[in-house]
Amino acid sequence: MSTARHPVVARQSSRESPSLMTCILVLMIFVGALQNAVVSFTAAASGITLADDLLLILAFMLAMVRQVSRPRMRLAAIGIYVFLCLLAVVRATVPFGLAFEVFRQLLVPALLVVIGMVITSREWRSALRAWSVVTVANIVYMLIEVEAGPILDPTAFVVNSGDESIVLQYQGLPGSYTYWNAEGEPALRVGGLFLNPPIAGLAVGIGAVAMFHTMRSRLRWIVLIGAFCAVYFSFSRAGMLVLGLGLFIPWFSKLLGRFVTTLLAVAGGFLFFNSFAADGGSEAHIEGFMHGLDSALSSPVGEGIGSAGNLIKTTLRASDSSESLTGIFLVATGAIGLLFLAVMTAVLARVVWRSMTTRWEPALAVAAFVVAAVAETAGALAGAAPMWIAVGLAFQREAKHRGSVAGWRVPPKRPQTREVKRPGSDGDSRYLIPTSCSRPASTA
Numbered sequence: 005m006s007t008a009r010h011p012v013v014a015r016q017s018s019r020e021s022p023s024l025m026t027c028i029l030v031l032m033i034f035v036g037a038l039q040n041a042v043v044s045f046t047a048a049a050s051g052i053t054l055a056d057d058l059l060l061i062l063a064f065m066l067a068m069v070r071q072v073s074r075p076r077m078r079l080a081a082i083g084i085y086v087f088l089c090l091l092a093v094v095r096a097t098v099p100f101g102l103a104f105e106v107f108r109q110l111l112v113p114a115l116l117v118v119i120g121m122v123i124t125s126r127e128w129r130s131a132l133r134a135w136s137v138v139t140v141a142n143i144v145y146m147l148i149e150v151e152a153g154p155i156l157d158p159t160a161f162v163v164n165s166g167d168e169s170i171v172l173q174y175q176g177l178p179g180s181y182t183y184w185n186a187e188g189e190p191a192l193r194v195g196g197l198f199l200n201p202p203i204a205g206l207a208v209g210i211g212a213v214a215m216f217h218t219m220r221s222r223l224r225w226i227v228l229i230g231a232f233c234a235v236y237f238s239f240s241r242a243g244m245l246v247l248g249l250g251l252f253i254p255w256f257s258k259l260l261g262r263f264v265t266t267l268l269a270v271a272g273g274f275l276f277f278n279s280f281a282a283d284g285g286s287e288a289h290i291e292g293f294m295h296g297l298d299s300a301l302s303s304p305v306g307e308g309i310g311s312a313g314n315l316i317k318t319t320l321r322a323s324d325s326s327e328s329l330t331g332i333f334l335v336a337t338g339a340i341g342l343l344f345l346a347v348m349t350a351v352l353a354r355v356v357w358r359s360m361t362t363r364w365e366p367a368l369a370v371a372a373f374v375v376a377a378v379a380e381t382a383g384a385l386a387g388a389a390p391m392w393i394a395v396g397l398a399f400q401r402e403a404k405h406r407g408s409v410a411g412w413r414v415p416p417k418r419p420q421t422r423e424v425k426r427p428g429s430d431g432d433s434r435y436l437i438p439t440s441c442s443r444p445a446s447t448a
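Going by this note's numbering, the sequence shown opens with residue 5, and the numbers climb by one from there.
Here's what the structure looks like:
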């Protein structure tokens with residue numbers, strides 16, 4: 005007698021096709037990594053710089069469909085954040101087009117967090133694999149760039165893109181390619197395939213942390229060493245922060261425990277803050293955050309968009325530079341925004357405290373908040389996507405933990421079965437028995 009396979013067994017034995025969310029995220033990552041390089045060859049491709057934004061919107065819409073069956077509290081927090089940003093746009097003191105650019109910069113993290121709240125483990129792994137490919141390609145390119153100079157032309161990218169906010173400075177390169185130390189001496193930075201040193205350094209830092217924690221071969225050490233060199237020559241403060249926090253928190257929390265790790269992190273953060281503020285061009289990053297904090301404490305609803313931000317400064321040539329995404333948000337939203345940010349920071353701290361010894365993603369979530377405080381680069385979709393998805397992923401796992409404790413209904417797992425020969429049969433008669441489903445408890 006022929007053996008008829010059970011549909012469940014047949015589905016498990018076949019290779020699952022990638023989900024729509026996986027396809028969108030992988031495409032978004034590769035488009036974001038290559039779009040500037042493509043524009044450097046021809047001005048006709050300048051519109052491609054919006055392609056990753058469109059893919060982000062598609063992924064966000066798909067995430068909202070999944071959110072229908074999820075607890076609403078997380079969405080309420082995102083809704084409040086978006087409302088505060090929209091209110092800042094309405095009260096903007098600059099032209100709408102420029103205000104919308106800043107709004108987009110503030111909105112990207114929120115959309116990515118929503119995606120992280122619903123993403124599956126398989127989709128997350130697929131996104132990290134795509135990011136790993138981008139990371140390795142940028143490490144190789146940036147190390148070559150140290151010796152040979154930019155292979156792709158950053159100046160051609162500026163000309164072809166028509167972006168008026170990008171200013172050519174030292175040696176005719178975009179301003180982001182120049183690092184000024186405390187003595188006022190310039191040094192060239194490497195910009196990778198992104199043609200932007202801060203974004204390239206951040207992207208490589210995130211990718212190196214992810215690969216170090218997910219790879220089991222010795223190659224991860226080679227990747228890590230290459231990433232350290234690439235981030236160093238990019239002079240990316242955000243990349244250095246991600247590398248430090250992403251490696252420090254998981255390792256020390258397992259070795260020394262949560263309490264000691266937290267004390268060391270606070271002490272290290274204080275020392276880093278002081279040294280960071282005294283380091284030439286880094287001073288503007290700290291000043292941007294402090295300016296936002298002072299503005300929030302003195303204004304209940306903020307000043308709206310238009311009085312802070314590097315984009316506004318370079319475009320209008322008439323604003324204080326705020327090299328801090330958090331600083332821009334606080335200036336625009338005032339004390340209300342500060343209160344919201346304090347609550348969300350406390351919630352994230354609770355989530356990280358519970359899971360910092362078992363998973364590495366919470367360390368990346370901490371890095372997201374820290375980087376946002378000292379760098380506008382945190383709002384760059386092409387360079388920061390996994391960092392903010394990790395924030396949403398941390399909230400998702402916390403919600404699952406609270407749900408299991410509170411007794412929420414958890415969807416049952418697909419039953420595992422195996423084929424056995426029917427007792428007493430002479431032929432090839434087989435049937436399926438469960439192997440992972442427990443028998444109901446007796447009520448007798």
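No residue lacks a Cβ here, since even glycine has one placed at the ideal position from N, Cα and C.
State the Cα-Cα distance for the pair PRO190 and GLY179, rounded to the nearest angstrom. Between PRO190 and GLY179, the C-alpha separation is close to 11 Å.
Between PRO158 and TYR181, is the Cβ-Cβ spacing less than 8 Å? TYR181 is positioned such that its CB atom lies closer than 8 Å to that of PRO158.
Helix, strand or coil for TRP184 per DSSP? TRP184 falls in the strand class under three-state DSSP.
Label THR26 either buried or exposed according to how many other C-beta atoms from any shown protein chain fall within 10 Å of its C-beta, with 16 as the threshold for buried. Its Cβ being crowded by 16 or more others within 10 Å, THR26 is buried.
Which partner residues does LEU192 have in the DSSP bridge list? In the DSSP output, where bridge partners are listed per residue, LEU192 has THR182.
Using 8 Å for Cβ pairs, my map puts ILE253 next to ALA269. What's the rounded Cβ distance? Rounded to the nearest angstrom, the Cβ distance from ILE253 to ALA269 is 7 Å, consistent with a contact under 8 Å.
For a quick check, are the C-beta atoms of PHE161 and VAL43 less than 8 Å apart? Going by C-beta atoms, PHE161 is nearer than 8 Å to VAL43.
Okay, do the stretch 204-213 and the stretch 384-392 touch, 3+ Cβ pairs below 8 Å being the bar? Segments in contact, yes.
So, ALA369 versus ALA394, is the Cβ gap smaller than 8 Å? Between ALA369 and ALA394, the gap from beta carbon to beta carbon is short of 8 Å.
In chain order, what residues of the same chain lie with their CB nearer than 6 Å to the CB of VAL355, ignoring the 5 residues before and after it? The answer, listed in chain order, is ALA398, GLU402.
Three CB pairs or more closer than 8 Å across the stretch 292-307 and the stretch 339-347: Using a Cβ-Cβ distance cut-off of 8 Å, the stretch 292-307 and the stretch 339-347 are in contact, since at least three pairs of beta carbons, one from each stretch, lie closer than that value.
Are ARG262 and TRP357 closer than 8 Å when you measure CB to CB? In contact: ARG262 and TRP357 (Cβ atoms closer than 8 Å).
Cβ neighbours of MET146 in the same chain (closer than 6 Å, five flanking residues each side left out): Counting only Cβ-Cβ distances below 6 Å, and skipping sequence neighbours, we find VAL194, GLY196, ALA234.
How about VAL138 and GLY230: do their beta carbons lie closer than 8 Å? No, these two residues do not count as a Cβ contact at 8 Å.
Would you kindly report the start and end of the unbroken alpha helix (DSSP H) that includes MET146? That run of the alpha helix (DSSP H) goes 125-152.
If you reduce the DSSP assignment to three classes, tell me which class ASP157 lands in. Note: ASP157 maps to coil in three-state DSSP.
Would you say ALA92 lies against chain D (beta-carbon separation less than 8 Å)? Checking the listed chains, one finds no chain D in this structure; it contains a single protein chain.
Taking LEU59 as the reference, which of SER23, LEU29, ALA131, LEU132 has the closest Cα? Residue LEU29 holds the alpha-carbon nearest to the alpha-carbon of LEU59 among SER23, LEU29, ALA131, LEU132.
DSSP state of ILE28, grouped into three classes? When DSSP states are grouped into helix, strand and coil, ILE28 belongs to the helix group.
Would you mind reading off the limits of the alpha helix (DSSP H) that contains TRP255? In the DSSP assignment, TRP255 falls within the unbroken alpha helix (DSSP H) covering 241-260.
Would you identify the three-state DSSP class for PHE45, choosing helix, strand or coil? PHE45 carries a coil assignment under DSSP once its states are collapsed to helix, strand and coil.
For a quick check, are the C-beta atoms of THR4 and PHE293 less than 8 Å apart? Look at the range of the chain in this structure, 5 to 448, and you will see that residue 4 is not part of it.
Where does TRP364 fall in DSSP's three states? Shown here, TRP364 sits in coil according to DSSP, grouped into three states, outside any helix or strand.
Cutting at 6 Å between CB atoms, please list the residues of its own chain near ALA382, excluding the five before and the five after it. Around ALA382: LEU329, VAL375, ALA376, ALA388.
With C-beta atoms as the reference, is THR337 less than 8 Å away from GLY306? Yes; because the gap between Cβ atoms is below 8 Å, this pair is in contact.
Leaving out five residues before and five after SER23 in sequence, what residues of the same chain have Cβ atoms less than 8 Å from its Cβ? The answer, listed in chain order, is THR124, ARG126, GLU127.
Reduced DSSP secondary structure (H/G/I, E/B, other) of THR97: Here THR97 sits in coil by DSSP.
So, at 6 Å on beta carbons, what are the nonlocal neighbours of PHE453 in its own chain, with the 5 sequence-adjacent residues on each side left out? For the chain, the structure presents residues 5 to 448; residue 453 sits outside this window and is missing.
Use the C-beta contact count for SER240: other C-beta atoms within 10 angstroms, 16 or more gives buried, fewer gives exposed. Label assigned to SER240: buried.
Less than 6 Å between C-beta atoms, sequence neighbours within five positions excluded: which residues of the same chain meet that for PHE237? The answer, listed in chain order, is VAL150, VAL194.
Please go through the same chain and pick out, in chain order, the residues whose beta-carbon is closer than 6 Å to the beta-carbon of SER257, but skip the five residues on each side of it. Hits under 6 Å: THR265, MET360, THR361.
If you run the structure through DSSP and keep just helix, strand and coil, what is ARG220? Note: ARG220 maps to coil in three-state DSSP.
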